[in-house]
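Structure first, commentary second.
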Amino acid sequence: MCHAQSQANYDETKVPKFTLPDVLTSFSGNPITNQTEWEENRRREILQFFEKQVYGKVPDRLDEFGFKLLEESNDAYGGKARRKQIAITLKKNKKSITYYMLIYLPKGNPTAPVFLGYNFYGNHTVTNDPKVQITKAWVKNNDALGITDNKASESSRGVRTHRWAIEKMLDNGFGIATIYYGEIDPDKDDFSDGIHPLFYRDGQSKPKTNEWGSISAWAFGLSKAMNYLESDVNISKVFVFGHSRLGKAALWAGATDKRFAGVISNNSGCGGAALSRRKFGETIEQINTSFPHWFADSFLKYNNNERTLPVDQHQLLALVAPRPLYVASALDDKWADPRGEFLSTYYASSVYGLYGKKGIGTKEMPKTNAPIQNTVAYHIRTGKHDVTDYDWENYIKWANTFVKK
């Protein structure tokens, strides 16, 4: 546990008293009573606020987008899956970046729904499949995973298989598409690499105050991956998934791109699913200090100043409505504030109600390992900050109900 984590508040009695901004009252104080008012007025103003004051807006459109099938095979996972490796290239102002998507689809089911999510250390880490290429991008050092000199190597192949229940997905009729997030933007406080410089004007060295930080850039990368998945015409539905910081990116991708059929946030915490006003575990000030590159610079003014925020994270969740949304926490992951994540799902549910969809109808947290699965779903499992088979079993079971509709 780092210093910030040990200094954080984990005492419910020390959570400040606060009033949450009502998701169904506009900034100018008008009540929102139906889907049209939500979509044309309230949804738009909430989205714009998050875009300019929290995650940062994408400065412009790409000049060009392209993809290339690098490799495919019909005999992955002992013949039960089709594997594809795709290069996605984004171009702007005569500059470009390329990132790589690994896809497994259940064989004989070309219209399979897909879970799309980033991984932390390279596509080769999520599977023991020797045919998956090793990322050449900058990777964070990790002694336990054998990663030194910020380079991935054969020694880290398969080190994260426990986080990706790939065979379980395939056996249940789901495909998986994954990308190493550092290929879009390396996760360090440095705006000279990754996708940001493609959009710079002459003499610019970092995004403007209300322009994108890394989370917004990662969300953009997921949207462009969706362009490919859409063009691979058979794929029926794509559920965007993310864990921790990548859960924040998945939520923002789901909010900004309605093509995603559903969104899954696994332990996304502060700046993800958790309510900022609770100041329980990680706070806005701590996250902006530890990770100054994640959010727009305009978000800095809310450091230790949460009560002046005109929004909170339940409104981010509401932007996903009426599409299915699953938020999951872990009992020992106090830093991510499980109760704050749960309450967000409760307060976002009124928007789902406008569409006649069932959300979370109670402020009473469920017991551990007892999921509530409606169009808005939530569980808190035993254990630590991680992605487990238990999480995936529930995501699969829940997503299945929407695939059949």
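In the working numbering, the protein residues as written are 210 to 614.
Note that beta-carbon positions come from the ideal geometry of N, C-alpha and C, so glycine has one too.
Start-to-end residues for the beta strand (DSSP E) that takes in residue i
i: LYS377; result: Note, LYS377: premise wrong, no beta strand (DSSP E); alpha helix (DSSP H) at 375 to 380.
i: GLY326; result: 323 to 328
i: ALA386; result: 384 to 389
i: ARG590; result: 585 to 590
i: ILE473; result: 471 to 475
i: GLU281; result: 273 to 285
Classification of residue i by the beta-carbon crowding that lies within 10 angstroms, buried from 16 upward
i: SER477; result: buried
i: PRO580; result: buried
i: ALA459; result: buried
i: ASP598; result: exposed
i: ARG516; result: exposed
i: PRO225; result: exposed
i: LYS223; result: exposed
i: GLY238; result: exposed
i: THR344; result: buried
i: ALA353; result: exposed
i: GLU439; result: exposed
i: GLY412; result: exposed
i: ASN337; result: exposed
i: TYR561; result: buried
i: GLY618; result: There is no way to answer for residue 618, as the model of the chain reaches only from 210 to 614.
i: PHE236; result: exposed
Pairwise C-alpha distance: residue j and residue i
i: PHE408; j: ASP269; result: 7 angstroms
i: GLU530; j: ASP358; result: The sequence shown places Ala at residue 530, not Glu. So the two alpha carbons sit approximately 43 angstroms from each other.
i: TYR604; j: TYR535; result: 8 angstroms
i: TYR264; j: ARG410; result: 20 angstroms
i: MET574; j: SER401; result: 44 angstroms
i: VAL323; j: LEU314; result: 8 angstroms
i: THR498; j: CYS479; result: 13 angstroms
i: LYS433; j: GLU491; result: 30 angstroms
i: THR465; j: ALA586; result: 20 angstroms
i: VAL341; j: TYR286; result: 12 angstroms
i: PHE450; j: THR234; result: 29 angstroms
i: MET378; j: GLY568; result: 25 angstroms
i: PRO339; j: TYR390; result: 21 angstroms
i: LEU229; j: PRO519; result: 9 angstroms
i: ASN250; j: SER365; result: 48 angstroms
i: ASN246; j: GLN522; result: One point to set straight first is that residue 246 is Glu, not Asn, in the sequence displayed. C-alpha separation (whole angstroms): 20 angstroms.
i: LYS417; j: GLN214; result: 30 angstroms
i: ARG532; j: TYR219; result: 32 angstroms
Beta bridge counterpart(s) of residue i as assigned by DSSP
i: ARG291; result: LEU314
i: THR357; result: LYS360
i: ILE306; result: LEU299
i: THR234; result: PRO240
i: GLU420; result: LYS266
i: ALA483; result: CYS479
i: ASN351; result: ILE356
i: ILE393; result: Answer by DSSP bridge pairing: none, since ILE393 is not bridged.
i: ILE581; result: TYR587
Contact under 9 angstroms by Cβ, residue i with residue j
i: ALA462; j: ALA505; result: no
i: THR577; j: LYS566; result: no
i: SER507; j: THR320; result: no
i: GLY592; j: ASP546; result: no
i: ARG372; j: HIS502; result: no
i: ASP396; j: SER423; result: yes
i: THR307; j: GLU392; result: yes
i: ILE404; j: ASN332; result: no
i: PHE276; j: LEU455; result: no
i: SER558; j: LEU484; result: no
i: PHE259; j: LYS300; result: no
i: ILE312; j: GLY384; result: yes
i: ALA482; j: LEU431; result: no
i: LYS572; j: GLU420; result: no
Enclosing alpha helix (DSSP H) for residue i [first to last residue]
i: GLY403; result: Unbroken run through GLY403: none, as it is neither H nor E.
i: PHE450; result: It is not in any alpha helix (DSSP H) - PHE450 instead sits in the beta strand (DSSP E) that spans 447 to 452.
i: ALA537; result: Counting along the chain, ALA537 falls outside any alpha helix (DSSP H), though it belongs to the beta strand (DSSP E) covering 534 to 539.
i: LYS606; result: 598 to 612
i: GLU254; result: 252 to 259
i: GLN216; result: 212 to 216
i: SER414; result: Premise fails: SER414 is in no alpha helix (DSSP H) and is neither H nor E.
i: GLY562; result: 547 to 563
i: GLU494; result: 493 to 499
i: ALA527; result: 522 to 527
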